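Quick notes on the structure that follows.
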Amino acid sequence: MGFSNAFNCISLNAKCLFGYNLIEIMGNTVTLFLNVRKTFVTSFVTLRTALFNTPRHLIHVHVYVVAWITLVRQGHNVTCLIMDEYKERADDPELKKYFNFEIYRNTDPHYTTKEYFQFVSDLAFNDEGGLRSFGKMMYLSKELLRKSCLFVLEDKEMMKRLEKMDAMVSDVSWLCSSVIKLYLKKHANSDIRIILNVPNTPNAMILDLAGSPVNPAYQPSTMSGLTSNMTFIERTINTISTAVFRSFGNQMGSYFLSFAEQFDLEDEIMAMGPPAADLFLGNFDFAVEFPFPITPNVIPVGGVTAEAPNDLPQELEDFIQSSGDDGIVVFTLSTYFASVTTSRPHLLKMFIDALAKLPQKVIIQLKVMPQYDLPPNIKALPWLPQNDLLGHPKTRLFMYHGGNNGFYEAVYHGVPIVVVPFIADQFDTAVKVTSHGMGLQLDKRTLSADYIHKHVAEVLGDEKYSLAAKRLSTILRSRPMEPVDRAAFWIEHVIKHGGDYMRSPGKDLSFIQYNLIDVFMFLIGIGALLLFVFYKIVRCCISCCWGKKISHKSKSD
């Protein structure tokens, strides 16, 4: 079965997985491990692949699940590894149709991922965002990732079961995959492939990891709020921001050094240098990204969750049809809105008051309903079939927090956006929305009902935003291969052939060699030497001529 046919076969099943079940059941999972087995009859080769995902980016798990289901349809067997803190997730019937589960034990009673997710939620609403909030997240993430890696490595029985796998696919932030690779290579003589998932546009530290060039002169740093066209001051700020993110990357990768002595990996870890991977799968597409160079081992698969819409439940469809020609507005803040009804009721009331003034019907995501009645034009649901709603012909606007998946789904369906970024890469999405002219950005620090209504009404009332969104949709859809098929193809390709041939030679060069500092110094030295020789020749000529002139004058006298 070809990749395209496989994707068509799983479309309906994937809807459930990407809906309530996926987000609710896997959204808080600590780690995701998939063990993939496939026998290629033509060569009688058995491939076993393990895929991990990090605690910090569990909300990004569903980005690649459809690709993994495609691999299942291709004959692979997939196993998810989760912490016992969420062991009940393994009983979900929808997930069990595709994946097996293994559960590892949390041996630290003071360690809990739920506290981290609550911290991120609080930070999203309270902090001003930018590098300061990102720094706080990185600090806590480092310990979270170190602990999760330790739990896995200490489970000797599970590590024994991983000995025969051929590859691991993990989130790019979970560099424990490199430690596991070294551990298995030394203690089990098993050499595995590593594939890293990049859940959004790769920043400087990820591009460094992949060996791709980074130039702050035109590549805006994460959360900088800049485009690729920068003034001198902006390039200066961007250069500093890029350096800061590179330092974050060094700090995030340093945690695995603590495992060297404990697991007898001192020589291997010191020899390895920066953690490497055979392949990077990035959830981005240059149809909507600011252009930047990438090496062959970075594969764009942006818009994995965007697809043709499925039919909606009849009750929801009836509500949408009642909107008439005005259409509907879809509003969600994803997981960050989970507790806003009780923890920040004033914020919820602000949005409801603004949306109540619209002639459009509004569908919002609320896990906890407010104590008061909602306006007649607003319908609240605990979960939204987001892609299906954005693909509905009556959808006029998408207002949300700026997540990468929602952005690509809106672009895919040509829906204009009002984005309210709260934290991290959501600010990057906001810049892309405004720079492409497909919507407006709201500042979370100045939110009010009138402020929200003004911007929403402007995007709804001006056709230029809708036209810009439709233009981007046409570009995004004009691609020879669907991203889910592309991701599945490259995973299988790397399992079979490895990725060393795509690895940038620049990874083996020192800072001086990579930036040609030694070459420039050599050329400057040669130039200086030539100038010195030229100076000596000229001086000698002048001296000779001047000496002859003086001698001739003396004879004349």
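Following this note's numbering, the numbering of the sequence shown begins with 286 at its first residue and continues without gaps. We put the beta carbon where it would ideally sit given N, CA and C, even for glycine. Computed from a predicted structure; not experimentally measured.
Proximity below 8 Å, CB of residue i to CB of residue j
i: Val851; j: Thr527; result: In this structure the chain extends from 286 to 842, so residue 851 is not present and cannot be described.
i: Thr355; j: Val769; result: yes
i: Ile613; j: Arg520; result: no
i: Ile479; j: Met508; result: no
i: Val586; j: Leu564; result: no
i: Ser475; j: Glu448; result: yes
i: Ser513; j: Ile579; result: no
i: Met806; j: Ile737; result: no
i: Ile637; j: Leu666; result: no
i: Leu725; j: Val744; result: yes
i: Asp611; j: Gln656; result: no
i: Ile702; j: Val718; result: yes
i: Asn482; j: Ser455; result: yes
i: Leu430; j: Ser458; result: yes
i: Leu757; j: Ala572; result: yes
i: Pro484; j: Asn689; result: yes
i: Gly722; j: Lys755; result: no
Nonlocal neighbours in the same chain, by C-beta distance under 6 Å from residue i, ignoring five residues either side
i: Asp440; result: Tyr389
i: His778; result: none
i: Pro487; result: Gly567
i: Tyr383; result: Ile354 and Val357
Chain-order list of residues whose beta-carbon lies under 7 Å from that of residue i (same chain, five-residue window excluded)
i: Arg675; result: Before going on, a small fix: residue 675 reads as Leu here, not Arg. For Leu675, where only same-chain residues beyond five positions count, the Cβ hits under 7 Å are Val615, Phe683, Glu694, Ala695, His698 and Val700.
i: Pro594; result: Asn672, Asp673, Gly676 and His677
i: Arg523; result: The residue you asked about is not Arg; residue 523 is Asn in the sequence shown. Cβ within range, chain order: Pro501, Pro505, Ser506, Ser509, Leu511 and Met515.
i: Ile663; result: Ile637, Leu640, Ala641, Val647 and Ile649
i: Phe533; result: Met423 and Met490
i: Lys470; result: Asp476
Same chain only: Cβ atoms within 8 Å of residue i, ignoring 5 sequence neighbours per side
i: Asn468; result: For clarity, residue 468 is Tyr in the given sequence; the question names Asn instead. Same-chain partners within the cutoff: Leu438, Met444, Phe548 and Leu550.
i: Asp735; result: Ala639
i: Ile518; result: none
Nearest neighbour of residue i, chosen from the options [CA to CA]
i: Leu639; options: Gly724, Val741 and Cys461; result: The amino acid at residue 639 is misidentified as Leu; the sequence shows Ala. When each option's Cα is compared against that of Ala639, the closest is Val741.
i: Leu632; options: Val363, Leu651, Gly722 and Asp673; result: Leu651
i: Met787; options: Met766, Leu808 and Val583; result: Val583
i: Ile780; options: Leu447, Asp451 and Lys432; result: Asp451
i: Glu574; options: Ala562, Gly588 and Pro581; result: Gly588
i: Phe577; options: Ala562, Lys466, Tyr503 and Val647; result: Tyr503
i: Glu387; options: Val363, Arg756 and Glu379; result: Val363
i: His686; options: Lys679, Phe707 and Pro667; result: Phe707
i: Leu542; options: Ser607, Cys434 and Lys664; result: Cys434
i: Val350; options: Val718, Glu379, Lys372 and Asp369; result: Glu379
i: Pro661; options: Ala715, Phe604 and Asp713; result: Phe604
i: Asp793; options: Asp377, Tyr371 and Leu494; result: Leu494
i: Ser789; options: Asp713, Leu752, Ala753 and Ala562; result: Ala562
i: Gln359; options: Phe774, Ile518, Cys830 and Ser532; result: Phe774
i: Gly609; options: His472, Lys679 and Arg446; result: Lys679
i: Leu643; options: Arg629, Lys432 and Lys739; result: Lys739
Straight-line gap, residue i to residue j (C-alpha atoms, nearest Å)
i: Val357; j: Pro670; result: 24 Å
i: Cys825; j: Ile809; result: 24 Å
i: Ala813; j: Ala489; result: 36 Å
i: Trp353; j: Thr617; result: 26 Å
i: Ser720; j: Met766; result: 27 Å
i: Leu730; j: Ile465; result: At residue 730 the sequence reads Arg, which differs from the Leu that was named. Taking the straight line joining both Cα atoms gives about 43 Å.
i: Arg322; j: Pro581; result: Summary for Arg322: the model assigns pLDDT 41, below 50, so the residue's position carries little reliability; its value from the coordinates is reported in the next sentence. Distance between the alpha carbons of Arg322 and Pro581 is about 26 Å.
i: Ile590; j: Ser763; result: Checking the displayed sequence, the identity of residue 590 turns out to be Thr instead of Ile. Taking the straight line joining both Cα atoms gives about 16 Å.
i: Ser426; j: Ile802; result: 35 Å
i: Asp728; j: Gln711; result: 12 Å
i: Phe436; j: Cys461; result: 11 Å
i: Asp570; j: Ala772; result: 13 Å
i: Asp713; j: Gly783; result: 33 Å
i: Ile811; j: Gln798; result: 18 Å
i: Arg446; j: Glu373; result: 22 Å
i: Glu600; j: Ser607; result: 11 Å
i: Phe692; j: Leu752; result: 16 Å
i: Glu428; j: Gly746; result: 48 Å
Contact with chain C by residue i, beta-carbon distance below 8 Å
i: Gly676; result: Of the protein chains in this structure there is only one, and it is not chain C.
Quiz item: Along the chain, which unbroken stretches of the beta strand (DSSP E) at least 3 residues long are found entirely within the region 354 to 397?
Solution: 363 to 368 and 384 to 389
Practice problem: Quick one: which unbroken alpha helix (DSSP H) runs of 4-plus residues sit fully inside the region 690 to 778? Chain order, please. | Solution: 711 to 720, 734 to 746 and 748 to 762
Quiz item: Which whole runs of the beta strand (DSSP E) in the region 505 to 590 are 3 residues long or more, in chain order?
Solution: 564 to 567 and 583 to 585
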